[in-house]
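For the sequence shown, the working numbering gives the first residue as 8, with consecutive numbering after it.
Beta carbons: idealized from backbone N, C-alpha and C, even for Gly.
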Amino acid sequence: MIRLENIKKTYPGNAQHAINALSMSVNEGEFCTFVGPSGCGKTTTLRMINQLDVPDSGEVYIQGQALSGADIIQVRRKIGFVMQSPALFPHRTVAENIATVPRLLGWDKHAISARIDELVALMSLDPMVLKRYPHQLSGGQQSRVSIARALAADPPILLMDEPFAAIDPVVRDKLQGDMLELQSRLHKTIILVTHDINEAIRLGDRIAIFQQGGRLAQFDTPDNILAHPASDFVRDFIGPEPNLKRLGMMRVSDLPRHDVLLLDQDEKPLAGEYSLLSQPYALVLDEESRPLYWLDNGHLVPVRIAEEHQSLRQVYSDLLDVPLGVLVRVTMQGQYAGTIDSRLLSDALNHHQESSHHD
Ligand SMILES: Nc1ncnc2c1ncn2[C@@H]1O[C@H](COP(=O)(O)OP(=O)(O)O)[C@@H](O)[C@H]1O
Ligand SMILES: [Mg+2]
8 MIRLENIKKT YPGNAQHAIN ALSMSVNEGE FCTFVGPSGC GKTTTLRMIN
58 QLDVPDSGEV YIQGQALSGA DIIQVRRKIG FVMQSPALFP HRTVAENIAT
108 VPRLLGWDKH AISARIDELV ALMSLDPMVL KRYPHQLSGG QQSRVSIARA
158 LAADPPILLM DEPFAAIDPV VRDKLQGDML ELQSRLHKTI ILVTHDINEA
208 IRLGDRIAIF QQGGRLAQFD TPDNILAHPA SDFVRDFIGP EPNLKRLGMM
258 RVSDLPRHDV LLLDQDEKPL AGEYSLLSQP YALVLDEESR PLYWLDNGHL
308 VPVRIAEEHQ SLRQVYSDLL DVPLGVLVRV TMQGQYAGTI DSRLLSDALN
358 HHQESSHHD
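This is how it looks when you write it as structure tokens:
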């Protein structure tokens, strides 16, 4: 969808390359994050894709079409751009800001106002903000309006330059979650620039890590980068405890089922469970298959549960102080669905690693 081929760019008076021999492609429908220290060429790369600037050498392709010699206006129509903040026009209302591109494209009034309503709903904005000016909005609202404006003419590509950088952690967390939900519905091809590795990991299907001098240090899925950092630079950049970050991306539902010996309320083994009789402890279920308590050498031990949507990082934390070192996995209805111990988590990390090796 977007392909960069051996892009180089140096600015006059700046000895270092802004971008150096950059080659990469972003697939259709992919959410790609660019991350790296300040000054390593992330913004410059977005500007090359959007034709705000041209490379010294190399070529950018969008939907297979080389940008050198292409009609800039045609190219830009395919791209929604969220600039590094403050990005909104200060003297235009929110509604006018959102309508910018549709107006340029000559849409009629009714079409524009219908589209504004759609975008307000899509971005979970209060319709009350439409008449306000950007300085009358919170940082989070400004971000939502900027994204609404970029999406106004429904372009297939969305480029965003640090859209959540100036926003407090609680609102940023919400915006990130909403962005993921939006993408699951819209399937745009997205490049989002950030300097926050955790944001890059959370949002990106793949992460491009840039380093000083405009070079690509690694471009891969978050899990592959965390499991196999390509260099000391990447290792330092992703920070401590990469395995905890990997667990944070996996859920209980990603684990294979692991059973234990089950007993009914009379503490008799349930049918088909005799093969597990050698286990030191057993789980007692009620008539609806809901876990009641553990029976450990005649002692009753309370049960702690894990639900299918929980992150394995949370599960790992729970496992550290749970009786017997085992959590009971339950369905949404609270019914027994297997157990989880720390061995299962390390197997998940190792298996993930092996399977990604063979990809
Ligand atoms: N218009 C410009 N003129 C001169 N140097 C520039 C210009 N734009 C960017 N640079 C330089 O190019 C390098 C990359 O900048 P940029 O792409 O903005 O980095 P990032 O977005 O990763 O922080 C930096 O060294 C920056 O100083
Ligand atoms: Mg930048």
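Spatial neighbours of Gly-305 in its own chain (CB-CB distance under 7 angstroms, excluding positions within 5 residues in sequence) are not present. Contact between the segment 240 to 247 and the segment 312 to 330 is absent, with fewer than three C-beta pairs closer than 8 angstroms. The beta carbons of Ile-198 and Leu-223 sit no closer together than 7 angstroms. Spatial neighbours of Val-152 in its own chain (CB-CB distance under 8 angstroms, excluding positions within 5 residues in sequence) are listed in chain order as Leu-95, Val-101, Asn-104, Ile-105, Met-130, Leu-132, Val-136, Pro-141 and Leu-144. In this chain, the alpha helix (DSSP H) harbouring Thr-107 covers 107 to 111. In the three-state reduction of the DSSP assignment, Ser-260 falls in the helix class, which pools H, G and I. With fewer than 16 other beta carbons inside 10 angstroms of its own, Ser-30 counts as exposed.
Within the DSSP secondary-structure output, Met-31 pairs in a beta bridge with Leu-11. Every unbroken stretch of the alpha helix (DSSP H) spanning 4 or more residues and falling wholly within the segment 174 to 233 is given here in chain order: 176 to 193 and 204 to 210. Of the candidates Met-90, Val-89, Asn-57 and Phe-88, Asn-57 places its Cα closest to the Cα of Asp-78. Per DSSP, Ala-344 is one residue of the beta strand (DSSP E) stretching across 343 to 347. The Cβ atoms of Leu-290 and Val-308 do not sit closer than 7 angstroms to each other. The beta-bridge partner set that DSSP reports for Tyr-323 is empty. Between the segment 190 to 206 and the segment 43 to 60 there are three or more inter-stretch CB-CB distances shorter than 8 angstroms, so the stretches are counted as touching. According to the DSSP assignment, His-306 belongs to no alpha helix (DSSP H) but to the beta strand (DSSP E) extending over 306 to 308. Taking a contact as a CB-CB distance under 8 angstroms, the pair Ile-164 and Lys-85 counts as one, their CB atoms being some 5 angstroms apart.
Nearest to Ala-207 by C-alpha distance, out of His-194, Gln-219, Gln-183 and Gly-220, is Gln-183. With a cutoff of 6 angstroms, Lys-49 counts as near ligand 2, since its C-beta is closer than that to a heavy atom of the ligand.
Distance between His-265 and Leu-210, taken at the CA atoms: about 30 angstroms. In this structure, Lys-15 keeps its C-beta atom at 7 angstroms or more from the C-beta atom of Ser-75. Per the DSSP secondary-structure output, Pro-298 pairs in a beta bridge with Leu-292.
Its chain contains Phe-171 as the residues whose beta carbon lies nearer than 7 angstroms to that of Arg-179, once the 5 sequence neighbours on both sides are disregarded; these appear in chain order.
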